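**Student:**
Protein chains: 2
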Amino acid sequence: MVQSEADTVAQLNALAQPTRLGVFKALMQAGPDGVSAGELARSLDVAPNTLSAHLTVLCRAGLTSQRRDGRSIIYTVEIPVVTSMIDALVNDCCAGHPEACAPLRRAQETGCGDAGTGRAS
Amino acid sequence: MVQSEADTVAQLNALAQPTRLGVFKALMQAGPDGVSAGELARSLDVAPNTLSAHLTVLCRAGLTSQRRDGRSIIYTVEIPVVTSMIDALVNDCCAGHPEACAPLRRAQETGCGDAGTGRAS
DNA sequence: CCATTATTTCAATGCTTCCTGAATTGTCGC
DNA sequence: GCGACAATTCAGGAAGCATTGAAATAATGG
Chain A
879 MVQSEADTVA QLNALAQPTR LGVFKALMQA GPDGVSAGEL ARSLDVAPNT LSAHLTVLCR
939 AGLTSQRRDG RSIIYTVEIP VVTSMIDALV NDCCAGHPEA CAPLRRAQET GCGDAGTGRA
999 S
Chain B
879 MVQSEADTVA QLNALAQPTR LGVFKALMQA GPDGVSAGEL ARSLDVAPNT LSAHLTVLCR
939 AGLTSQRRDG RSIIYTVEIP VVTSMIDALV NDCCAGHPEA CAPLRRAQET GCGDAGTGRA
999 S
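Chains A and B supply the protein sequences, listed in that same order. Here the first sequence is numbered in the working numbering, starting from 879 and rising by one per residue. Here the second sequence is numbered in the working numbering, starting from 879 and rising by one per residue.
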């Protein structure tokens with residue numbers, strides 16, 4: 879998944895706001911089941927309409943998607959988009975300074991890298 | 879280097895703007911030698927005063943630092959801060975979804991991970 | 001000291017963002 | 001269909017951001 883610089887800016891911008899970063903964290907921890915808008919509003923202590931605006935920003939950046947379940951609307955993270963965003967960041971990072979990435983690898987070695995992508999090459 | 883969520887927001891916000899992301903890329907590619915403000919203004923085609931404002935944002939977020947060299951002011955990236963920013967992002971990412979990190983590892987395997995950190999464990 | 005170059009600071013403008021309250025749309029159980 | 005719940009949309013105002021032109025600060029060379 880390759881993306882333009884404008885995409886990266888939009889994704890960074892979507893996360894560059896306390897409430898939205900909080901939403902992102904909550905959705906990441908929730909995993910594929912996702913979280914409803916109301917539940918997010920309650921747990922983050924934000925007005926429902928305010929939160930709705932933030933969720934729109936996250937969705938337009940492609941970082942999240944929504945699905946309806948009864949009366950609720952469930953939000954989930956679009957993992958591939960998150961991945962390509964970090965990818966873009968890391969590639970720019972490594973461009974002139976490979977050693978900057980070493981701590982990243984360490985983060986993955988502490989239980990993050992070998993959990994079921996299905997790719998075994 | 880541990881940082882607060884507010885730090886992460888400030889760092890993401892600093893990069894969430896086309897000109898500033900361009901500056902960041904240029905400084906990353908330049909490496910430790912850095913680039914002068916005027917050179918950045920010329921190569922990115924931005925007015926010097928406008929660029930100065932953007933450089934201030936990057937510095938206040940901790941992502942860059944400045945040093946004077948004659949009449950010029952040279953800007954360089956603060957690699958440890960960049961590293962901890964990506965670290966924060968990746969940790970939130972991995973929290974509920976370890977497989978999202980796999981492509982990151984691949985990015986490092988393509989020539990990014992084993993370049994002179996001095997750590998050989 | 002003076003002119004020149006490099007960069008920043010200042011003040012003002014237009015634009016965007018964030019939040020709030022009220023109204024609207026969509027869904028469920030009866 | 002009706003009342004209740006869940007979420008979004010709309011219109012508003014306050015605050016912040018990006019850009020510009022003009023002025024100020026800093027350093028170099030003669």
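Ideal placement from N, C-alpha and C gives every residue a C-beta, glycine not left out. No experiment lies behind these values; they were computed from the predicted model shown.
When you compare the CB positions of V960/B and L929/B, do they come within less than 9 Å of one another, or not?
**Tutor:** Contact: no.
**Student:** Just how far apart, CA to CA, sit A931/A and R938/A?
**Tutor:** When rounded, the distance between both Cα atoms is 11 Å.
**Student:** Give me the Cα-Cα distance between D885/A and R949/A, rounded to the nearest whole angstrom.
**Tutor:** Taking the straight line from one Cα to the other gives about 32 Å.
**Student:** Comparing the C-beta of N927/A with each C-beta of chain B, is any distance below 9 Å?
**Tutor:** Chain B contact via Cβ: absent.
**Student:** Suppose contacts are defined by Cβ-Cβ distances below 9 Å. Is Q907/B in contact with A973/A by that definition?
**Tutor:** Contact: yes.
**Student:** Starting from D911/A, trace the alpha helix (DSSP H) both ways and give me its first and last residue.
**Tutor:** Unbroken run through D911/A: none, as it is neither H nor E.
**Student:** Among T897/A, Q889/A, V880/A and F902/A, which has the Cα closest to the Cα of D970/B?
**Tutor:** Closest by alpha carbon: F902/A.
**Student:** For A925/B, which of V913/B, T897/B, R945/B and D911/B has the nearest alpha-carbon?
**Tutor:** Nearest C-alpha to A925/B: T897/B.
**Student:** Taking buried to mean at least 16 other C-beta atoms within 10 Å of its own C-beta, is G916/A buried or exposed?
**Tutor:** Its Cβ having fewer than 16 others within 10 Å, G916/A is exposed.
**Student:** With H, G and I counted as helix, E and B as strand and the rest as coil, what does DSSP make of R945/B?
**Tutor:** In the structure shown, R945/B sits in a strand (DSSP, three-state: E or B).
**Student:** I'd like the list of long-range same chain contacts for R997/A, defined as Cβ closer than 6 Å, with 5 residues on each side in sequence excluded.
**Tutor:** Because R997/A sits at a pLDDT of 33, beneath the cut-off of 50, its placement in the model cannot be relied upon, and the following sentence gives the value as read from the coordinates. Here the set comprises nothing.
**Student:** Tell me whether V880/B is buried or exposed, calling it buried when 16 or more other Cβ atoms sit within 10 Å of its Cβ.
**Tutor:** With fewer than 16 Cβ atoms within 10 Å of its Cβ, V880/B is classed as exposed.
**Student:** Should L893/A go down as buried or exposed, given a rule of 16 or more other Cβ atoms within 10 Å for buried?
**Tutor:** Counting Cβ neighbours within 10 Å, L893/A comes out buried, since at least 16 surround it.
**Student:** Taking C-beta to C-beta, are E962/B and T954/B nearer than 9 Å?
**Tutor:** The residue you asked about is not Glu; residue 962/B is Ser in the sequence shown. For S962/B and T954/B, no; Cβs fall outside 9 Å.
**Student:** Give a yes or no on whether the minimum CB-CB distance between T942/A and chain B is below 9 Å.
**Tutor:** Taking Cβ atoms only, chain B never reaches closer than 9 Å to T942/A, which makes this a no.
**Student:** Rounded to whole angstroms, what is the Cα-Cα separation between D923/A and L918/B?
**Tutor:** In a straight line, the C-alpha of D923/A is about 42 Å away from that of L918/B.
**Student:** Between C937/B and chain A, is any beta-carbon pair separated by less than 9 Å?
**Tutor:** So, not an interface residue.
**Student:** Does the separation of the CB atoms of G912/A and I952/A fall below 9 Å?
**Tutor:** For G912/A and I952/A, yes; Cβs fall inside 9 Å.
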